[in-house]
Structures are given as C-alpha cells and as structure tokens.
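Heads up: the sequence shown runs through residues 3 to 218, numbered per full-length UniProt numbering.
All C-beta atoms in this analysis are idealised placements derived from N, C-alpha and C, irrespective of residue type, glycine included.
From a predicted model like this one, the values you see are computed outputs, not experimental measurements.
Some notes on the structure that comes next.
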Amino acid sequence: INIILLGPPGAGKGTQARTLVEERGLVQLSTGDMLRDARSSGTEMGKIVADVMDRGQLVTDEIVIGLIREKLDTVEAPGFIFDGFPRTLPQADALEELLAGMGRKIDAVIEMRVDDEALVDRVSGRYTCGNCGEVYHDATRPTKETGKCDACGSTDMKRRADDNPESLKTRLMEYYKKTSPLVGYYYAKKTLAPVDGMAEMDEVGRQVAEIVDRIG
Ligand code: AP5
Ligand code: ZN
Numbered sequence: 003i004n005i006i007l008l009g010p011p012g013a014g015k016g017t018q019a020r021t022l023v024e025e026r027g028l029v030q031l032s033t034g035d036m037l038r039d040a041r042s043s044g045t046e047m048g049k050i051v052a053d054v055m056d057r058g059q060l061v062t063d064e065i066v067i068g069l070i071r072e073k074l075d076t077v078e079a080p081g082f083i084f085d086g087f088p089r090t091l092p093q094a095d096a097l098e099e100l101l102a103g104m105g106r107k108i109d110a111v112i113e114m115r116v117d118d119e120a121l122v123d124r125v126s127g128r129y130t131c132g133n134c135g136e137v138y139h140d141a142t143r144p145t146k147e148t149g150k151c152d153a154c155g156s157t158d159m160k161r162r163a164d165d166n167p168e169s170l171k172t173r174l175m176e177y178y179k180k181t182s183p184l185v186g187y188y189y190a191k192k193t194l195a196p197v198d199g200m201a202e203m204d205e206v207g208r209q210v211a212e213i214v215d216r217i218g
C-alpha cells in the first residue's frame, strides 16, 4: 500500500510516519528529510536549496520530483509513505505517473487537520534527534531524560533553522496557496481520508491506523 500524509507544517506528518514505519514496515519518503540531508552533505543541490528552505519557501518541483524518482527507482519496499510530498499539483501528477510506471497507485491520502495557532506551538517546541531522527516536543513529547534521545540514547538534539515564527508564516502561506488545492484534487479521486490532527498523538495514531487497516 502507498500512502500520502498531507497537512500543514507541524501537523504531525513525520510523527505519524515513524509509527507506520515501525508498525507496518512501510518505507518513509520525506522530501524535507532528503533536502536536509543534501544540505548537510554539502552537495551542489544542497547549497542551492538551503536559502529557500530557511525562508520557508517551496523548493522547485524539478528538484523534489527528481529526488522522489531516484528513491522509487532504487528502494525496495512493500509500500511507501509519502511525507511532505506532493506539495503542488505538478508534483501530484508526477507522482501518479511514476507510480503507474511501477504498477502501483496511491491507496489513501491522509489529510491531517490542525488549526494554525496550534501549528505555531508545535514547530516552536519541536526538536529532533540528530542521530535517529526521532521527533520530540518541549511540552507534548519531551525526552524522558533531558537532552537524551529515548530511542537511541544520543545527546545530539537539533532544532530546525526554519522553525521560527517568520519562516513558519511563509511556510503556512505556501501551504495554503500551493498545497491545499491537493485536498480537492484527491477528494475528486476518492482517496482523501481526513483525520483530526488536533487530537493527542496516540489518538491521531489510532485514526491513521484505522484508515490503513481499511485499505490494507
Ligand atoms: P518538511 O520537512 O516537509 O516540513 P513541513 O511540511 O513544514 O512539516 P514539518 O516537518 O514541519 O511537520 P510535520 O507535519 O512532520 O510535524 P511533526 O511530526 O514534526 O519541509 C521543510 C522544507 O523543505 C519546506 O519548507 C520546503 O522548503 C522544502 N520541501 C520539502 N518537501 C518539499 C516539496 N515536496 N516541494 C517543495 N519543497 C519542499 O510534528 C511537529 C511537532 O509537533 C513535533 O514536536 C511533535 O512532537 C509535535 N506533535 C506531533 N503530533 C502532535 C499531536 N497530535 N499533539 C501534540 N503535539 C504533536
Ligand atoms: Zn535518537
């Protein structure tokens, strides 16, 4: 099965994707993570996208579609979770075409609905383990031991350069302008499945699991 996690910045896409990876053996394809990897490894592409990301704008379709194409060509998986991709209509069309070429399709588009005010709290409190990628939050999901990852024990905790109020404002505008039209796009294809992203993490997880059970 192949799933898209669709929702504004900080909605909880990465958090839910990690659960699906652990519990269902699906492979997470996060274009945000791929772009951050490209940045930290100092590739030519990484240098080009760094400013754009820090400002909170979208990277070009050409770059992100290229990244996804490369993964789909090389990674073996029973199914994929697309996290933060597609984000524009051309990206959605490209994904459909790529999957069709592999004899696959999108089975569900899980739309995570969260109020804007809550998103500000979520991104401003977020930190991530630099070693294993586990996602934490100052208030709603702190590490058990301060500064030490529950999952892997690393003390390399990171905050993202684009998790500041100014960039978040741009990220939200980009979302409503360019990404939210995908809600109607997938509704028309009868693959849209909304969840209440305002609920507690475990409850959101239950709603997501129900959808995945239904299609799996
Ligand atoms: P990307 O990395 O995709 O960021 P994003 O979409 O802004 O999403 P986030 O990672 O911020 O949030 P999330 O929904 O994963 O939330 P999380 O689970 O971490 O993109 C970054 C940038 O890369 C873009 O701005 C763009 O420049 C570029 N880019 C990436 N993909 C692109 C594409 N396809 N096209 C063009 N450009 C692209 O949760 C957030 C926090 O809330 C955490 O602290 C978590 O612990 C907490 N939390 C989660 N769930 C709950 C809950 N239910 N209750 C309370 N707290 C919760
Ligand atoms: Zn870790």
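Expected contact under 8 Å - CB spacing of residue i and residue j to nearest Å
i      : j      : result
Gly58  : Asp123 : Contact flag wrong, Cβ pair sits at about 17 Å.
Gly12  : Val125 : 4 Å
Pro183 : Leu91  : 6 Å
Leu8   : Val111 : 6 Å
Pro88  : Leu101 : Contact flag wrong, Cβ pair sits at about 11 Å.
Inter-residue Cα distance where the pair is residue i and residue j
i           : j      : result
Met159      : Thr33  : 21 Å
Gly68       : Val77  : 14 Å
Thr148      : Leu74  : 38 Å
Cys131      : Thr145 : 10 Å
Arg143      : Arg26  : 22 Å
Glu119      : Lys192 : 29 Å
Met203      : Glu136 : 14 Å
Leu170      : Met55  : 11 Å
Cys154      : Ala190 : 42 Å
Ala40       : Glu168 : 23 Å
Ala141      : Tyr129 : 11 Å
Asp63       : Met47  : 13 Å
residue 220 : Pro80  : There is simply no residue 220 to check, as the chain begins at 3 and stops at 218 in what is shown.
Ala94       : Thr172 : 21 Å
Ile3        : Leu121 : 29 Å
Thr181      : Asp85  : 13 Å
The ligand ZN heavy atom lying under 7 Å from the CB of residue i
i      : result
Asn166 : no
Ala102 : no
Contact test: residue i Cβ vs the ligand AP5 heavy atom, cutoff 7 Å
i      : result
Ser42  : no
Pro11  : yes
Glu99  : no
Ser182 : no
Pro196 : no
Ser126 : no
Arg89  : yes
Gln30  : no
Leu8   : no
Tyr188 : no
Thr201 : Correcting the residue identity first, residue 201 is Ala in this sequence and not Thr. At least one heavy atom of the ligand AP5 is nearer than 7 Å to the Cβ of Ala201, so yes.
Lys160 : no
Please give me, in chain order, every unbroken run of the alpha helix (DSSP H) with length at least 4 that falls completely inside the segment 61–133.
You should have 63–76, 91–103, 118–126.
4-residue-minimum alpha helix (DSSP H) runs that sit fully inside the segment 24–57, ordered along the chain
33–42, 46–57
Fully enclosed by the segment 137–165, which beta strand (DSSP E) runs are 3 residues long or longer?
137–139
Could you pull out every unbroken beta strand (DSSP E) segment of at least 3 residues lying fully inside the segment 172–200, listed in chain order?
194–198
Collect the residues with a C-beta less than 6 Å away from any heavy atom of the ligand ZN and give them in sequence order along the chain.
Cys131, Asn133, Cys134, Glu136, Cys151, Ala153, Cys154, Ser156
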